[in-house]
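Going line by line, the protein sequences match chains X and S. Per my numbering, numbering through the first sequence is continuous, rising by one, with the last residue being 340. Per my numbering, numbering through the second sequence is continuous, rising by one, with the last residue being 340. Following: one structure in structure tokens, then a few remarks.
Number of protein chains: 2
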Amino acid sequence: MALGEFALIESLFRRPQDARRGRVAVGGGDDCAVLTVQAGEQWAVSTDTLVEGRHFLSTVDPEALGHKALAVNLSDLAACGAQPQACTLNLTLPRTDPAWLQGFARGFHALADEHGIVLAGGDTTGGPLSITVTVMGTVPAGAALLRSGAKAGDDLWVSHPTDGGIGDARLALEVFRGRARLCQAGFEAARQRMERPQPRVALGLALRGLAHAAIDLSDGLTGDLAHVLAASGVGAQLWWSALPRSRWMAEQPAEGQREALLGGGDDYELLVAAPAAERQTVVDRAAACGLGLSRIGRIVAGAGLKVFEDEAAGHAGTGAWPSERLPRGFDHFLSGSTDP
Amino acid sequence: MALGEFALIESLFRRPQDARRGRVAVGGGDDCAVLTVQAGEQWAVSTDTLVEGRHFLSTVDPEALGHKALAVNLSDLAACGAQPQACTLNLTLPRTDPAWLQGFARGFHALADEHGIVLAGGDTTGGPLSITVTVMGTVPAGAALLRSGAKAGDDLWVSHPTDGGIGDARLALEVFRGRARLCQAGFEAARQRMERPQPRVALGLALRGLAHAAIDLSDGLTGDLAHVLAASGVGAQLWWSALPRSRWMAEQPAEGQREALLGGGDDYELLVAAPAAERQTVVDRAAACGLGLSRIGRIVAGAGLKVFEDEAAGHAGTGAWPSERLPRGFDHFLSGSTDP
Chain X
1 MALGEFALIE SLFRRPQDAR RGRVAVGGGD DCAVLTVQAG EQWAVSTDTL
51 VEGRHFLSTV DPEALGHKAL AVNLSDLAAC GAQPQACTLN LTLPRTDPAW
101 LQGFARGFHA LADEHGIVLA GGDTTGGPLS ITVTVMGTVP AGAALLRSGA
151 KAGDDLWVSH PTDGGIGDAR LALEVFRGRA RLCQAGFEAA RQRMERPQPR
201 VALGLALRGL AHAAIDLSDG LTGDLAHVLA ASGVGAQLWW SALPRSRWMA
251 EQPAEGQREA LLGGGDDYEL LVAAPAAERQ TVVDRAAACG LGLSRIGRIV
301 AGAGLKVFED EAAGHAGTGA WPSERLPRGF DHFLSGSTDP
Chain S
1 MALGEFALIE SLFRRPQDAR RGRVAVGGGD DCAVLTVQAG EQWAVSTDTL
51 VEGRHFLSTV DPEALGHKAL AVNLSDLAAC GAQPQACTLN LTLPRTDPAW
101 LQGFARGFHA LADEHGIVLA GGDTTGGPLS ITVTVMGTVP AGAALLRSGA
151 KAGDDLWVSH PTDGGIGDAR LALEVFRGRA RLCQAGFEAA RQRMERPQPR
201 VALGLALRGL AHAAIDLSDG LTGDLAHVLA ASGVGAQLWW SALPRSRWMA
251 EQPAEGQREA LLGGGDDYEL LVAAPAAERQ TVVDRAAACG LGLSRIGRIV
301 AGAGLKVFED EAAGHAGTGA WPSERLPRGF DHFLSGSTDP
């Protein structure tokens, strides 16, 4: 990359106000960024790569992409109940397009500022477009929310906007693919959910010391729940009618709803297992974060995952859905396999 | 990526012995890795992306590539005087080639084990081949070696193998490009320097509290020195005859030597500014690490970089090389510009 291009990228991503802010003792521009740590805390680290054509289309608004590249990583910190502190950004770019870079930087920095997270370093190189973000956050020692703590009898919760649900990101994707239809307003709303996911950082912090286990929904409800079940050595039931859905989702054909709600990814909501005795506290804390939290099932002893029509059917243990009503790929998880 | 491919990658990169080793309280497999921190320390973080066709050829030995992807990052920790602790690995792969992945993992893990560093998480996705590694290390608070501490009067040092020098990685590249010739033994030695750089971690640790500034040579001697000069607000002189060179380098034509020694990148040796009063201590500490350390110049007041034939000429301040004797691209740095 020519020196002028470096200068442009540097001007966009190295911000004077970031040089020594928050935990940053030495900012980008040295061989390493140096972060201050405090006694009694642990550092939570997560990283994700987004590749053009696989995780996003070349036509996506760069500002939305900058937002999403950071959001999907912050969502991992949220799922651990960690306070975001710093991040690094590795950009591989096929060309230097100032307008594209400015848009990307705007989306990235806006979300970083919202969460008080500092861009502490990174790398820019030429090549096929891909974006790797690594985030670092802090938790009091031993307080991280893990996938492995779910216990039989726990309530199973999923977060969502107070006026929305899960699965809308998948619904938007299906519209792009020509396999689903939405009115203009519904499409715009679903597209926002796909392109501008909101990491549930405040909720993750609020559930520390309360939830037994948490994960963020990136692969889809059943796939991510399977990770929790495998890590915790338990099973679960889901109650179909309890799954939160937007009004556009509620208007979709049954099969489309099943695919989007049970199988759809890219929601970045939190899936949480918490003791039933704390039910009201859990709801109150989500409300304090301005979020809906729906009780969608429960953790049971044993292994595997069953879907029932509603809570009553689940408690009776009768009428578990046959596999042909479940989205393709779901069978795998019914077996209680530990494959990711 | 299909589930079988995930399982293969997981089996190669998630090692049971890494799950809770060193600073890892929670290893890969949860939303975040969780790292233990201790009072009074800071965390140093660095990240680099290697892209096929730009940083390595598609034909490179995957084991060497696994080594190098981690080595170039450990070199940044070395330059900060940080103790390596943990890393993350993001692999973007065009296909799942078990033999290639096994080789890559072997090279990566061997170097990780040598430095006691734990692979704490990562991401694998499909797409054009690229590799991002992020490393995390620890330093006592305030003890990190930075680029910004060089002072007028400091000695300028560069590390190297006791029987070698700098610039050999560039020399190997020039042979690949058909622009230089080496005997078979010389080519193999130079190629090792290019493909298997050895991060100078022990030397970085040994120079903590002693050196005023350090940087690792990734872009080339003059380019990296320019970063130190800009960050420290000083100038420097280099002494041509003092630059350490392998016997194969010494046999190269003068112009080739100048390009490789002054401009060549990918050395991953440490360039160090240290007080002249500590000269013997500096040498002793490098020797204790089994490394050569050559005094190649000195830091001066003002800005910019001058090359002299030898130390005597430098001290006399006469006979600075004219720009036409310097490698192309060098002029830029003579101006004392702060552009990277």
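Glycine is no exception: its CB is placed at the ideal position from the N, C-alpha and C atoms.
First and last residue of the uninterrupted alpha helix (DSSP H) at residue i
i, result
"H67 (chain X)", "62 to 80"
"D18 (chain X)", "Element bounds for D18 (chain X): n/a, residue is neither H nor E."
"G297 (chain X)", "No alpha helix (DSSP H) contains G297 (chain X), which is instead part of the beta strand (DSSP E) from 291 to 300."
"D284 (chain S)", "279 to 288"
"T222 (chain X)", "221 to 232"
"Q198 (chain S)", "Q198 (chain S) -> no alpha helix (DSSP H), and no H or E assigned at all."
Neighbourhood of residue i by C-beta distance below 8 Å, restricted to the same chain and skipping five residues each side
i, result
"T47 (chain S)", "N73, T132, V133, T134, V135"
"A33 (chain S)", "V24, V26, G27, A86, T88, A120, G121"
"R285 (chain X)", "L203, A206, L207, L210"
"A115 (chain X)", "Here residue 115 (chain X) turns out to be His, not Ala, going by the sequence shown. For H115 (chain X), where only same-chain residues beyond five positions count, the Cβ hits under 8 Å are L74, P84, P199, V201."
Alpha-carbon to alpha-carbon, residue j and residue i
i, j, result
"A44 (chain S)", "A185 (chain X)", "47 Å"
"A254 (chain X)", "R54 (chain X)", "27 Å"
"E324 (chain X)", "A82 (chain X)", "39 Å"
"G223 (chain S)", "G137 (chain S)", "25 Å"
"F333 (chain S)", "A316 (chain S)", "Only weak support is given to the placement of F333 (chain S): the predicted model assigns it a pLDDT of 41, under 50, and the value that follows is read from those uncertain coordinates. About 22 Å."
"A226 (chain S)", "L70 (chain X)", "32 Å"
"G264 (chain X)", "L57 (chain X)", "18 Å"
"G165 (chain X)", "S246 (chain X)", "5 Å"
"P84 (chain S)", "A277 (chain X)", "44 Å"
"A273 (chain S)", "V282 (chain S)", "10 Å"
"E174 (chain S)", "G107 (chain X)", "42 Å"
"H212 (chain S)", "R170 (chain S)", "28 Å"
"P62 (chain X)", "A7 (chain X)", "20 Å"
"L221 (chain S)", "S218 (chain X)", "44 Å"
"C183 (chain S)", "G103 (chain S)", "28 Å"
"V37 (chain X)", "E52 (chain S)", "36 Å"
"P98 (chain S)", "R15 (chain S)", "17 Å"
"I296 (chain X)", "Q237 (chain X)", "8 Å"
"L305 (chain S)", "G256 (chain S)", "20 Å"
"M249 (chain S)", "A214 (chain X)", "58 Å"
"L262 (chain X)", "E188 (chain S)", "56 Å"
Proximity below 8 Å, CB of residue i to CB of residue j
i, j, result
"I299 (chain S)", "K151 (chain S)", "yes"
"A190 (chain S)", "A172 (chain S)", "yes"
"D216 (chain S)", "D155 (chain X)", "no"
"A180 (chain S)", "G235 (chain S)", "no"
"L145 (chain X)", "C80 (chain X)", "yes"
"G149 (chain X)", "S232 (chain X)", "yes"
"S130 (chain X)", "L50 (chain X)", "yes"
Residues near residue i in its chain [Cβ-Cβ closer than 6 Å; skip 5 each side]
i, result
"S159 (chain S)", "R200, L203, E269, L270, L291, L293"
"G127 (chain S)", "T92"
"W321 (chain S)", "V307"
"S11 (chain S)", "none"
"P197 (chain S)", "A71, Y268"
"D310 (chain S)", "W239, S241"
"E259 (chain X)", "P327"
"N90 (chain S)", "G122, D123, T132"
"T162 (chain S)", "G292"
"V118 (chain S)", "D18, R21, G22, V24, A86"
heavy atom of the ligand SAH below 7 Å from residue i C-beta
i, result
"Q17 (chain S)", "Of the ligands one can find in the structure shown there are none, so the ligand SAH has no counterpart to examine."
Cβ neighbours of residue i in the same chain (closer than 7 Å, five flanking residues each side left out)
i, result
"P140 (chain X)", "G40, E41"
"A313 (chain X)", "G319"
"A288 (chain S)", "A206"
"W100 (chain S)", "P62"
Terminal residues of the beta strand (DSSP E) in which residue i lies
i, result
"P161 (chain S)", "155 to 161"
"L35 (chain S)", "33 to 36"
"E41 (chain S)", "41 to 51"
"P322 (chain X)", "Segment: none, P322 (chain X) is in no beta strand (DSSP E) and carries neither H nor E."
"A213 (chain S)", "213 to 216"
"L119 (chain S)", "118 to 126"
"Q237 (chain S)", "235 to 239"
Residues in the region 30 to 52 of chain X having any Cβ partner in chain S nearer than 9 Å: D30, D31, C32, A33, V34, L35, T36, V37, Q38, A39, G40, E41, Q42, W43, A44, V45, S46, T47, D48, T49, L50, V51, E52
Positions along the region 67 to 94 of chain S whose CB lies within less than 9 Å of some CB in chain X: S75, D76, L77, A78, A79, C80, A82, A86, T88, L89, N90, L91, T92
Residues of the region 202 to 228 of chain S whose Cβ lies closer than 7 Å to any Cβ of chain X, in chain order: I215, D216
Members of the region 141 to 155 of chain X that neighbour chain S once the beta carbon cut-off is set at 9 Å: A141, G142, A144, L145, L146, R147, S148
Contact list for the region 102 to 122 of chain X against chain S, Cβ threshold 8 Å: A120, G121, G122
Residues of the region 298 to 311 of chain S with Cβ closer than 9 Å to any Cβ of chain X, in chain order: none
Contact list for the region 269 to 291 of chain S against chain X, Cβ threshold 9 Å: none
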